[in-house]
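Visitor:
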Amino acid sequence: MLRVVPSFDRIGEENAFAVLARASALAAQGRDIVNLGIGQPDFATPAHIVEAGIKALRDGHHGYTPAIGIPPLREAVARDLHRRHGVEVSPDAVMIVPGGKVTMFMAILMFGEPGAEILYPDPGFPIYRSMIAFTGATPVPVPIREANGFAFSAEETLSLITERTRLLIVNSPANPTGGVTPKAEIDALVQGLAAHPGVAVLSDEIYGSMTYDGEAHVSLLAYPEIRDRLIALDGASKTYAMTGWRLGWSVWPKPLYDAARKLAVNSFSCVNAATQWGGVAALDGPQDCVTAMVAAFDQRRSLIVDGLNGLPNVSCITPKGAFYAFPNIARTGWKAKALATALLDEAGVAAIGGPDFGVYGEGYLRLSYANSAENIARALERMNRFLSDHAPG
51 MLRVVPSFDR IGEENAFAVL ARASALAAQG RDIVNLGIGQ PDFATPAHIV EAGIKALRDG
111 HHGYTPAIGI PPLREAVARD LHRRHGVEVS PDAVMIVPGG KVTMFMAILM FGEPGAEILY
171 PDPGFPIYRS MIAFTGATPV PVPIREANGF AFSAEETLSL ITERTRLLIV NSPANPTGGV
231 TPKAEIDALV QGLAAHPGVA VLSDEIYGSM TYDGEAHVSL LAYPEIRDRL IALDGASKTY
291 AMTGWRLGWS VWPKPLYDAA RKLAVNSFSC VNAATQWGGV AALDGPQDCV TAMVAAFDQR
351 RSLIVDGLNG LPNVSCITPK GAFYAFPNIA RTGWKAKALA TALLDEAGVA AIGGPDFGVY
411 GEGYLRLSYA NSAENIARAL ERMNRFLSDH APG
């Protein structure tokens, strides 16, 4: 009987893909399913990016590239970070990777081992905890509370750091909650980290271009006092509707860059060439496509929040970023995962139960509004009918 090492028993899942598979299977059986589960923009990749990828193939970019990414793309990332955040980043600190998860994987592998502690947001992206557990490190959840507008609390985060803490993961704008942490809170976190110089920071900023109501995304790259221990994660999947292209990038402090390069060489070798040239076009080309997509998400945000607050026994605060709503369903009498399953099987609406994002996710659902206004309206109507027919008591 084949046996893999025990650490594989600790690997978790990203249940959004399991829900996607279940929704697809039901649709294949003829069911009409509205999928608000998967975090994928319903827009096509902008045409100028597609054309750049096609041109790269026609121009003969068919071979290996440097493991760290082609220089024009690393330079484009540095320019983009300066344009959006006003920060100076050397292209030599940038690494091109196949999607956002790879940076998480690398950072957690570098610092995770038995006896170490890694702090991560809860509710948060499920791969954080999954990979921490895989390394044998102790996952320490940082509560992300509705009472704080789903922003993290610097005071509470700092209070969880011990002599065993090796890495702190932060995420703003946040998945699954849509929370955006304000600058004052980030200032306090950075100030407090001065007392913990041995703690590295992974800042997941993949939704940094998606904020609303005048809310500004504050990049941790803007804090020079932690740049020597900061890993910043970003990518093209959400901002440019390029989920299937698999294009991410990260900024690494000099002491860690070569370790990340070695992991790249030992795992994926390089990101495919055509995708990288598409990334150059995305970052250096016109940004009106991003503005238009974010404006559409903003309209859908209003639609979904108003609709959720009109459902029986449901309340939903307004998310400030990303494209997720995280309604509170505690008063419905349902456990979150059971409700998500029933909504899919009985109402034809795919959503994700809050506990798939952590122990503090009970009592909530995640719904993506990266879908059309028409589909969101249909989903809300079905949810209203279902919850009315299954009222508590």
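For what it's worth, the working numbering labels the leading residue of the sequence shown as 51, then goes sequentially. Ideal Cβ positions, reconstructed from N, Cα and C, are used throughout, including at glycine. Keep in mind the model is a prediction, meaning the values are calculated, not measured.
Please state whether DSSP places Phe229 in a helix, a strand or coil.
Guide: Numbered from 1 along the sequence shown, position 179 holds the residue referred to as residue 229. For the record, residue 229 in the displayed sequence is Gly; it is not Phe. Three-state DSSP puts Gly229 in coil, outside helix and strand.
Visitor: Name the DSSP bridge partner or partners of Ser300?
Guide: Position 250 of the sequence shown, counted from the start, is the residue given in the question as residue 300. DSSP output for Ser300 lists Met145, Leu283 as bridge partner(s).
Visitor: Going along the chain, which residues of its own chain have a beta-carbon closer than 6 Å to the beta-carbon of Asn363, five neighbours each way excluded?
Guide: Indexing the sequence shown from 1 puts residue 363 at position 313. Excluding residues within five positions, the ones whose Cβ falls inside 6 Å are Arg381, Thr382.
Visitor: In terms of residue numbering, what span does the alpha helix (DSSP H) encompassing Leu358 cover?
Guide: The sequence position of residue 358 within the sequence shown is 308, counting from 1. From DSSP, the alpha helix (DSSP H) with Leu358 extends over 338-359.
Visitor: Classify Tyr114: buried if its beta carbon has 16 or more other beta carbons within 10 angstroms, exposed otherwise.
Guide: Here the question's residue 114 lines up with position 64 in the sequence shown. Result: exposed.
Visitor: Give the straight-line distance between the Cα atoms of Asp237 and Ile88, rounded to the nearest whole angstrom.
Guide: Start at 1 with the first residue of the sequence shown, and residue 237 comes out as number 187. Start at 1 with the first residue of the sequence shown, and residue 88 comes out as number 38. The alpha-carbon atoms of Asp237 and Ile88 are separated by roughly 32 Å.
Visitor: Compare the C-alpha of Pro171 against each of Ile182, Asp308, Pro164, Glu163 and name the closest.
Guide: The residue you call residue 171 lines up with position 121 of the sequence shown. The option with the nearest alpha carbon to Pro171 is Ile182.
Visitor: What did DSSP end up calling Glu450 once you bin it into helix, strand or coil?
Guide: The first residue shown for the chain is 51 and the last is 443, placing residue 450 beyond what the model contains.
Visitor: Quick one: is His132 buried, meaning 16 or more other Cβ sit within 10 Å of its Cβ, or exposed?
Guide: Against the sequence shown, residue 132 aligns to sequence position 82. The residue is exposed, with fewer than 16 neighbouring Cβ atoms inside 10 Å.
Visitor: Out of Met343, Tyr307, Ala166, which has the shortest C-alpha to C-alpha gap to Val249?
Guide: In the sequence shown, counting from the first residue as 1, residue 249 sits at position 199. Per the Cα distances, Ala166.
Visitor: Thinking C-alpha only, which one of Ala375, Val301, Val190, Asn359 is nearest Ser140?
Guide: Position 90 of the sequence shown holds residue 140. Here the closest residue by C-alpha is Val301.
Visitor: To the nearest angstrom, how far is it from the Cα of Val355 to the Cα of Ala345?
Guide: For the purposes of this step, residue 355 is taken as the residue at position 305 of the sequence shown. For the purposes of this step, residue 345 is taken as the residue at position 295 of the sequence shown. Going from the Cα of Val355 to the Cα of Ala345 covers about 16 Å.
Visitor: Where does Arg108 land, buried or exposed, given buried means 16+ other C-beta within 10 angstroms?
Guide: Walking along the sequence shown from the start, residue 108 turns up at place 58. Classification of Arg108: exposed, given that the 10 Å Cβ count is below 16.
Visitor: Can you tell me whether DSSP reads Gly113 as helix, strand or coil?
Guide: Against the sequence shown, residue 113 aligns to sequence position 63. Of the three classes helix, strand and coil, the one that applies to Gly113 here is coil, per DSSP.
Visitor: In the DSSP output, which residue or residues are listed as bridge partners for Asn322?
Guide: Residue mapping note: residue 322 aligns to position 272 of the sequence shown, counting from 1. BP columns for Asn322 are empty, so no partner.
Visitor: Taking all protein chains shown into account, decide if Met343 is buried (16 or more other Cβ within 10 angstroms of its Cβ) or exposed.
Guide: As a first step, residue 343 is located in the sequence shown; it is residue number 293 there, counting from the start. Classification for Met343: buried.
Visitor: As a quick exercise: from Ala71, Pro303, Lys370, pick the residue whose alpha carbon is nearest that of Glu275.
Guide: Taking the sequence shown and counting its residues from 1, one reaches residue 275 at position 225. For the residues Ala71, Pro303, Lys370, the minimum Cα distance to Glu275 belongs to Pro303.
Visitor: Verify the contact flag: Ala187, CB atom, against every heavy atom of the ligand ADP, threshold strictly below 7 Å.
Guide: The ligand ADP is not part of the structure shown, which contains no ligands of any sort.
Visitor: Do you know whose CA, among Pro305, Glu396, Asn421, Asp278, lies nearest Phe445's CA?
Guide: The structure shown does not extend to residue 445, since the chain is modelled only from 51 through 443, so no value can be given for it.
Visitor: Taking the alpha-carbon of Val340 as reference, which of Phe376, Thr261, Arg277 has the nearest alpha-carbon?
Guide: Here the question's residue 340 lines up with position 290 in the sequence shown. The shortest C-alpha separation from Val340 is found at Thr261.
Visitor: Check this for me: beta carbons of Ala73 and Ala400, under 8 Å apart or not?
Guide: Position 23 of the sequence shown, counting from 1, holds the residue named residue 73. Position 350 of the sequence shown, counting from 1, holds the residue named residue 400. Contact flag set, yes.
Visitor: Quick check: the Cα distance between Glu163 and Tyr307, rounded to an integer number of angstroms?
Guide: The residue given as residue 163 occupies position 113 in the sequence shown. The residue given as residue 307 occupies position 257 in the sequence shown. Near 20 Å, if we compare the C-alpha coordinates of Tyr307 and Glu163.
Visitor: Enumerate in chain order the residues of its own chain whose CB-to-CB distance from Pro226 is below 6 Å, with the five nearest sequence positions on each side excluded.
Guide: Within the sequence shown, residue 226 is the residue found at index 176, counting from 1. Excluding residues within five positions, the ones whose Cβ falls inside 6 Å are Pro173, Tyr374, Phe376, Phe407, Arg416.
Visitor: Going by the beta-carbon positions, is the gap between Pro223 and Asn65 smaller than 8 Å?
Guide: As a first step, residue 223 is located in the sequence shown; it is residue number 173 there, counting from the start. As a first step, residue 65 is located in the sequence shown; it is residue number 15 there, counting from the start. Contact: no.
Visitor: Quick check: the segment 119-135 against the segment 95-109, are there 3 or more CB pairs under 8 Å?
Guide: Because the criterion of three Cβ pairs below 8 Å is not met, the segment 119-135 and the segment 95-109 do not touch.
Visitor: Is the beta carbon of Ile61 sitting closer than 8 Å to the one on Phe161?
Guide: As a first step, residue 61 is located in the sequence shown; it is residue number 11 there, counting from the start. As a first step, residue 161 is located in the sequence shown; it is residue number 111 there, counting from the start. In this structure, Phe161 does not lie closer than 8 Å to Ile61 by Cβ.
Visitor: Using a Cβ-Cβ cut-off of 7 Å (strictly less than) and excluding sequence neighbours within five positions of Thr325, which residues of its own chain qualify?
Guide: Working through the sequence shown from its first residue, we reach residue 325 at position 275. The residues are Gly103, Trp295, Arg296, Leu297.
Visitor: Would you call the CB atoms of Val220 and Val251 closer than 8 Å?
Guide: Taking the first residue of the sequence shown as 1, we reach residue 220 at position 170. Taking the first residue of the sequence shown as 1, we reach residue 251 at position 201. Cβ atoms of Val220 and Val251: closer than 8 Å.
Visitor: How would you label Glu424, buried or exposed, when you count the other beta carbons within 10 angstroms and need 16 or more for buried?
Guide: Within the sequence shown, residue 424 is the residue found at index 374, counting from 1. Glu424 comes out exposed.
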